[in-house]
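One structure below.
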Amino acid sequence: MNQKLIELYKSKFPALKEHIDGYNATSNDQAVNPYLLKVDNKWEMAKRRIMVFGQETNIWAAECGNNGKFSGKVEEVIDVYDKWYLKDTMDNTRFWKAFRLIRDSFSNNSVAFAANNIVKIGRIGTGCIPRIHELTVKHFDVIPQEIEILKTDTLIFLTGPNYDSKIKDILGNFTTFRIS
Numbered sequence: 054m055n056q057k058l059i060e061l062y063k064s065k066f067p068a069l070k071e072h073i074d075g076y077n078a079t080s081n082d083q084a085v086n087p088y089l090l091k092v093d094n095k096w097e098m099a100k101r102r103i104m105v106f107g108q109e110t111n112i113w114a115a116e117c118g119n120n121g122k123f124s125g126k127v128e129e130v131i132d133v134y135d136k137w138y139l140k141d142t143m144d145n146t147r148f149w150k151a152f153r154l155i156r157d158s159f160s161n162n163s164v165a166f167a168a169n170n171i172v173k174i175g176r177i178g179t180g181c182i183p184r185i186h187e188l189t190v191k192h193f194d195v196i197p198q199e200i201e202i203l204k205t206d207t208l209i210f211l212t213g214p215n216y217d218s219k220i221k222d223i224l225g226n227f228t229t230f231r232i233s
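Just so you know, we're using our numbering here: the sequence shown kicks off at 54 and counts up by one.
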């Protein structure tokens, strides 16, 4: 599965890099590295696979250089996900607290979780920049393929209603169920 993800990401990176580098050269709102996934053996062996979506990163993979600004380095960005998520070193933001609450409510080892973002490329700062989102949708439309490659059974969105349009941009029409 991980090799297929790498192949997917690498197939999209040349065009993505060209457009993101062009955007970053002319904008004060710098696009960061994309949120690239990796799974462990538990995911591959699980009977149920649940992908939990957040909004976007405020900065991602700063370890790859340029203070997190888009580097174009696939494997290095994936390694950050491995160190951050798979090694369970996430911070205590509202998303990660909710993610852990959901994940930890399943004591069954046959269930595995992956964290993703509906906006794959964030910015240095907070919020979603419309132009970065447009470039991502046009040149890095990987989420449907990630779901397919990883044989995901269930999607959970912890994004809030302001991100419904972004979910629709990526996955098409859907019905919402809000739990309060």
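Backbone N, C-alpha and C fix where the C-beta goes; we use that ideal spot for every residue, glycine too.
What residue range is occupied by the uninterrupted alpha helix (DSSP H) comprising residue i?
i	result
Asn77	55-79
Leu90	Premise fails: Leu90 is in no alpha helix (DSSP H) and is neither H nor E.
Ile155	147-157
Ile185	183-192
Ile131	127-134
Going by alpha carbons, who is nearest to residue i out of the options?
i	options	result
Asp132	Gly75, Pro87, Phe210, Met104	Pro87
Asn77	Leu188, Met54, Val130	Leu188
Tyr134	Trp113, Asn120, Ser218	Trp113
Leu69	Lys126, Ile177, Gly121, Asp93	Lys126
Met54	Lys219, Phe230, Thr205	Thr205
Gly213	Ala84, Glu116, Asp82, Thr229	Thr229
Ala224	Val172, Gly178, Gly180	According to the sequence displayed, residue 224 carries Leu and not Ala. Looking at the Cα atoms, Val172 is the closest of the given residues.
Tyr81	Phe193, Arg102, Ile232, Arg184	According to the sequence provided, residue 81 is Asn. The question's Tyr does not apply to it. The shortest Cα separation from Asn81 among Phe193, Arg102, Ile232, Arg184 belongs to Arg184.
Pro67	Lys150, Pro197, Ala99, Lys191	Lys191
Ala167	Leu89, Cys181, Thr79	Leu89
Gly178	Ala84, Glu60, Tyr62	Ala84
Going by the DSSP bridge assignment, what does residue i pair with across the sheet?
i	result
Met104	Ala167, Leu208
Lys122	Val85
Give the list of continuous alpha helix (DSSP H) stretches no shorter than 4 residues that lie fully inside the stretch 201-233. 217-224
Check whether the stretch 188-204 and the stretch 152-166 are in contact - that is, three or more C-beta pairs closer than 8 Å. The stretch 188-204 makes no contact with the stretch 152-166; the number of CB pairs closer than 8 Å stays below 3.
Count Cβ pairs between the stretch 207-221 and the stretch 95-111 that sit closer than 8 Å; are there 3 or more? yes
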